[in-house]
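Scroll down for the structure; my scribbles are underneath it.
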Amino acid sequence: MQQEDELRNSKPRDYLMAEVLPTMIPAINQMLRVAKDTERRKRFNPLDFLAEYLYRNNPRHSDRQSIKLQDIPFVIEEWKINPRCPLPLSATLSEQEAAVIIQAYIRSYTVRCRPEVQQFREWQRGFHKQQHVLFKHFGGRG
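If you want it as structure tokens, here you go:
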């Protein structure tokens, strides 16, 4: 109790040195390590990382070790007021997953460009139009 009163009445620099920096410096070091190891295509949000790290590693609360950012009470309240946009695919897919999607798109495009496939697709469109007309004409009567 006396130590807390001394810290409250101390100079800002002394308070930072005693209370903030012992937790903040390891947090920043860990953030830099994680950012360096994160895939270059993924988006790394250093503020999210620091918020989660500092909340988990607060020396006054030892029961927060397994909590995730989205489960932190003040984050929940903030996201209710200001919801986050979903991350784009480029930020969530690995390079291998992105390559598979691109390859599938290119394969389907090259197949659709073949003359026999274009002819089939044209026939299919006409067939669907004909079905629609027949349904419209006869479908409403029971």
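Be aware that the sequence shown starts at 7, since it is given in our numbering, and climbs by one per residue.
From the three backbone atoms N, C-alpha and C, an ideal C-beta is built for every residue, glycine too.
Given the structure is predicted, the values throughout are model-derived calculations rather than measurements.
I'd like the list of long-range same chain contacts for residue i, defined as Cβ closer than 8 Å, with 5 residues on each side in sequence excluded.
i: residue 148; result: Confidence at residue 148 is low in this model, with a pLDDT of 43, below 50, so its placement is unreliable and the value that follows should be read with caution. Excluding sequence neighbours, residue 148 sits near nothing in its chain.
i: residue 29; result: 60, 63, 64, 65
i: residue 37; result: 52, 55, 56, 59
i: residue 81; result: 57, 75
Classify residue i as helix, strand or coil using the three-state DSSP reduction.
i: residue 50; result: coil
i: residue 67; result: coil
i: residue 114; result: helix
i: residue 17; result: coil
i: residue 135; result: helix
i: residue 99; result: coil
i: residue 29; result: helix
i: residue 74; result: coil
i: residue 90; result: coil
i: residue 127; result: helix
i: residue 39; result: helix
i: residue 120; result: coil
Among residues of its own chain, excluding the 5 on either side of residue i, which ones have a beta-carbon nearer than 7 Å to its beta-carbon?
i: residue 97; result: 48, 49
i: residue 61; result: 70, 73, 78
Give every residue of the same chain whose Cβ lies closer than 6 Å to the Cβ of residue i, excluding the five residues on either side of it in the sequence, and list them in chain order.
i: residue 42; result: none
i: residue 107; result: none
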